[in-house]
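Scroll down for the structure; my scribbles are underneath it.
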Amino acid sequence: MKQKSITFRCSTSQNDRLNHALARSTASRTDFITAALESFLTYAEQTHIRNKNLFELVQDIDSQGDGPPFEKQA
Numbered sequence: 000m001k002q003k004s005i006t007f008r009c010s011t012s013q014n015d016r017l018n019h020a021l022a023r024s025t026a027s028r029t030d031f032i033t034a035a036l037e038s039f040l041t042y043a044e045q046t047h048i049r050n051k052n053l054f055e056l057v058q059d060i061d062s063q064g065d066g067p068p069f070e071k072q073a
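Counting in numbering that gives the first Met the number 0, the sequence shown runs from 0 upward without gaps.
Quick look at the structure:
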């Protein structure tokens, strides 16, 4: 597999959460972001998820777990 660099931009609150998570982990920033991206892609590739539009996708993710809604995290 040919690897390619990707640049991510995030809000201050997202960056703070990332740094907080990294402080409790032995993973590198790249490993952490890669794992999160792989997890999201596994979720998004499910047949019943694949045809959702962005708003439906956000609503579905918000309905899972007990975390704060997407709009509070972005």
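Glycine included, every Cβ here is placed at the ideal spot set by N, Cα and C.
No experiment lies behind these values; they were computed from the predicted model shown.
Selected residue, minimal CA-CA separation from residue i, among the options
| i | options | result |
| --- | --- | --- |
| GLN2 | GLN13, THR29, SER10, THR11 | THR29 |
| LEU40 | ALA26, THR25, LEU56 | LEU56 |
| ASP33 | SER12, LEU17, ALA22 | Reading off the sequence, residue 33 comes out as Thr, not Asp. That would be LEU17, whose Cα lies nearest to the Cα of THR33. |
Residue-chain proximity (residue i, chain D), Cβ-Cβ < 9 angstroms
| i | result |
| --- | --- |
| THR25 | In summary, chain D is missing from the structure at hand, where a single protein chain is found. |
DSSP-derived helix/strand/coil call for residue i
| i | result |
| --- | --- |
| GLN63 | coil |
| THR6 | coil |
| ARG16 | helix |
| LYS1 | coil |
| THR11 | helix |
Where the alpha helix (DSSP H) through residue i begins and ends
| i | result |
| --- | --- |
| PHE74 | A question about residue 74 goes unanswered here, because the residues of the chain that appear run from 0 up to 73. |
| THR46 | 46 to 49 |
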